[in-house]
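In this note's numbering, the protein residues as written are 10 to 204.
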């Protein structure tokens, strides 16, 4: 699986409603049905949607460690989208190429959106195992991904908040019953050790 995590917008340059918690941003992504590409930390101003291939248990441990030290120091929060690697590959997603900035020009123009700065020990984000899709917007659906949240309570809110009620006959009784059919599914990171 590959993971795209959201961040909070606290001091929005646009003010008012533009400020959002990471949970609210995740809900907006689910409602909109797409992830927006960004240019942050991407040399050359390329618009990409970014993911991490780090194992989910390692991501949960990372978020737990950050929360216990300084949660405001981290770029991302444990709210996001998980997709299968083969699906993202079919959408044009590729792993980044970790290299020094002076090697950026060595990449062909068709591949330089994959460049990620690497200059240890000062700049080393290789633990993220980053993947990118070179696009301003990536359409997602419940058939191609699921939501990731920190707690079972929030997973329950998404699973039921994005469900549709249906009425149908109950088998072998002749009576009508109402059931809930979840549209978006969410998995909580506390299952993987997030504190």
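In this text, a Cβ means the ideal position worked out from N, Cα and C, and glycines have one as well.
Residue 150 (DSSP reduced to helix, strand or coil): coil
For residue 194, write down the residues that DSSP places opposite it in a beta bridge. Looking at the DSSP assignment, residue 194 forms no beta bridge with any residue, so it has no partner.
In this structure, how does DSSP classify residue 139 when only helix, strand and coil are distinguished? In the structure shown, residue 139 sits in a strand (DSSP, three-state: E or B).
Neighbourhood of residue 164 by C-beta, 8 Å cutoff - its chain only, sequence neighbours within 5 removed: 156, 158, 195, 196 and 197
For residue 169, write down the residues that DSSP places opposite it in a beta bridge. Per DSSP, none; premise fails for residue 169.
Assigned secondary structure, residue 14 (DSSP; H/G/I helix, E/B strand, else coil): If DSSP states are grouped into helix, strand and coil, residue 14 belongs with the strands.
In the DSSP assignment, find the beta strand (DSSP E) that holds residue 35 and state where it starts and stops. Per DSSP, residue 35 belongs to no beta strand (DSSP E); it is in the alpha helix (DSSP H), 31-41.
Counting Cβ pairs, one atom from each stretch, are 3 or more of them under 8 Å apart for the stretch 140-151 and the stretch 173-182? no
Buried or exposed for residue 24, going by 16 or more other Cβ atoms inside 10 Å? For residue 24, the predicted model reports a pLDDT of 49, less than 50, meaning its position is unreliable and no value from the coordinates is stated.
Tell me the rounded alpha-carbon separation between residue 136 and residue 109. Between residue 136 and residue 109, the C-alpha separation is close to 16 Å.
Applying the 10 Å Cβ sphere with the 16-neighbour rule, what's the burial state of residue 54? Around the beta carbon of residue 54, fewer than 16 other beta carbons sit within 10 angstroms, so the residue counts as exposed.
DSSP puts residue 93 in a beta bridge; with which residues? Paired residues: none, contrary to the question.
Would you mind reading off the limits of the beta strand (DSSP E) that contains residue 107? 106-108
Please check the pair residue 42 and residue 57, which I expect to be a contact at CB under 8 Å, by giving their CB distance rounded to whole angstroms. So it is not a contact: roughly 19 Å between Cβ atoms.
Report all residues from its chain with a CB closer than 8 Å to the CB of residue 168; omit the five preceding and five following residues, and keep chain order. 191, 193, 194 and 195
Per-residue DSSP class, three states only, for residue 177: strand
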